[in-house]
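K.L.:
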Amino acid sequence: ADLAELDGRITGCRACPRLVEWREEVARTRRAAFADQTYWGRPVPGFGPPDASLLIVGLAPAAHGANRTGRMFTGDRSGDVLYAALHEVGLASQGTAVSADDGLSLHGVRITSPVRCAPPANKPTPEERDTCRPWLVRELELLRPSLRAVVVLGAFGWQAALPAFAQAGWEVPRPRPAFAHGTRLTLTSPARLDVFGCFHVSQRNTFTGRLTPAMLREVLRTAASAAGL
Ligand code: DU
Ligand code: SF4
Numbered sequence: 039a040d041l042a043e044l045d046g047r048i049t050g051c052r053a054c055p056r057l058v059e060w061r062e063e064v065a066r067t068r069r070a071a072f073a074d075q076t077y078w079g080r081p082v083p084g085f086g087p088p089d090a091s092l093l094i095v096g097l098a099p100a101a102h103g104a105n106r107t108g109r110m111f112t113g114d115r116s117g118d119v120l121y122a123a124l125h126e127v128g129l130a131s132q133g134t135a136v137s138a139d140d141g142l143s144l145h146g147v148r149i150t151s152p153v154r155c156a157p158p159a160n161k162p163t164p165e166e167r168d169t170c171r172p173w174l175v176r177e178l179e180l181l182r183p184s185l186r187a188v189v190v191l192g193a194f195g196w197q198a199a200l201p202a203f204a205q206a207g208w209e210v211p212r213p214r215p216a217f218a219h220g221t222r223l224t225l226t227s228p229a230r231l232d233v234f235g236c237f238h239v240s241q242r243n244t245f246t247g248r249l250t251p252a253m254l255r256e257v258l259r260t261a262a263s264a265a266g267l
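Each residue of the sequence shown is one higher than the last, beginning at 39 in the UniProt record's numbering.
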């Protein structure tokens, strides 16, 4: 089994009835600006090379972003911020992401999500988060040989990711360290993994200045350095 095979299995998942209904309804009704497009409307797999040393963990696909284009953070405002920063720090081949065939490639970085289907109001339930976790655990197991650092975007991702690290074989301290922007959690066993907390790139944080492009670049630079990139 490899990551490409895992990605294929993920895209066929229908384990969460509420999310299956929502992702497909959004794909049917569409937004006026995208009325002529065929929406992906399925679970979104990780994006990036299978030997990535840095992993970025988000929240869930945006209804008219990744749920439309089929690629993480592609075609939405969150992605505009994330990919611009990745490009500026040298981790992405271009600073924009508009469609799955726009030519963008990532250097040593993979982007994934603890929930793979677009949820209503961008809010998965705890049950949906737990139902989706095995996909992230499997992705972590397959990335483990090359993986050295993780950037977790937001508290939801943090709460989902720490148990996934534990299930994938890392020793995670209990009680689990709380999420904070700028937090660095270094796991040491069975192999070193530096985990960084960063405010999510959603408009709620970027429009208000809670997360500035400079703050995001700083976390990405520090994490890339920890990852040997
Ligand atoms: O099929 P592939 O060229 O190995 O790409 C798999 C997957 O990883 C696809 O989503 C493109 C992405 N990717 C990347 O972002 N950067 C790379 O350097 C290589 C592949
Ligand atoms: Fe499957 Fe995850 Fe989508 Fe639920 S959110 S249907 S577990 S891919």
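We treat Cβ as the ideally placed atom computed from N, Cα and C, and that holds for glycine.
Contact check, Arg154 vs Pro213 under 8 Å by CB: the rounded distance?
P.N.:
No, Arg154 and Pro213 are not in contact; Cβ-Cβ is about 28 Å, not under 8 Å.
K.L.:
To which residues does DSSP link Gly235 through a beta bridge?
P.N.:
In the DSSP output, where bridge partners are listed per residue, Gly235 has Val190.
K.L.:
Assign Arg69 to one of three DSSP states: helix, strand, or coil.
P.N.:
Looking at Arg69 - three-state DSSP - the assignment turns out to be coil, as it is neither helix nor strand.
K.L.:
Just to confirm before moving on: does the CB-CB distance between Val188 and Val119 stay below 8 Å?
P.N.:
Against a cut-off of 8 Å, the Cβ pair of Val119 and Val188 comes out as no contact.
K.L.:
Report yes if the CB atom of Ser184 is closer than 8 Å to the CB atom of Ala90, and no otherwise.
P.N.:
For Ser184 and Ala90, yes; Cβs fall inside 8 Å.
K.L.:
Buried or exposed: which applies to Ala202, given that a residue is buried once 16 or more other Cβ atoms fall within 10 Å of its Cβ?
P.N.:
Ala202 should be labelled buried.
K.L.:
Using a Cβ distance threshold of 8 Å, determine whether the stretch 161-174 contacts the stretch 60-80, with at least three qualifying pairs required.
P.N.:
No, the stretch 161-174 is not in contact with the stretch 60-80.
K.L.:
Check whether the Cβ of Ala202 lies closer than 7 Å to any heavy atom of the ligand SF4, and answer yes or no.
P.N.:
The answer is no for Ala202.
K.L.:
DSSP puts Phe85 in a beta bridge; with which residues?
P.N.:
According to DSSP, Phe85 bridges with Ile149.
K.L.:
When DSSP labels each residue in this structure, what does Arg230 get in the three-state scheme?
P.N.:
Residue state, collapsed to three classes: coil.
K.L.:
Can you tell me which of the three DSSP states Thr260 falls into?
P.N.:
Helix at Thr260.
K.L.:
Inspect the beta-carbon positions of Ala156 and Gly108 and report whether they are closer than 8 Å.
P.N.:
Going by C-beta atoms, Ala156 is not nearer than 8 Å to Gly108.
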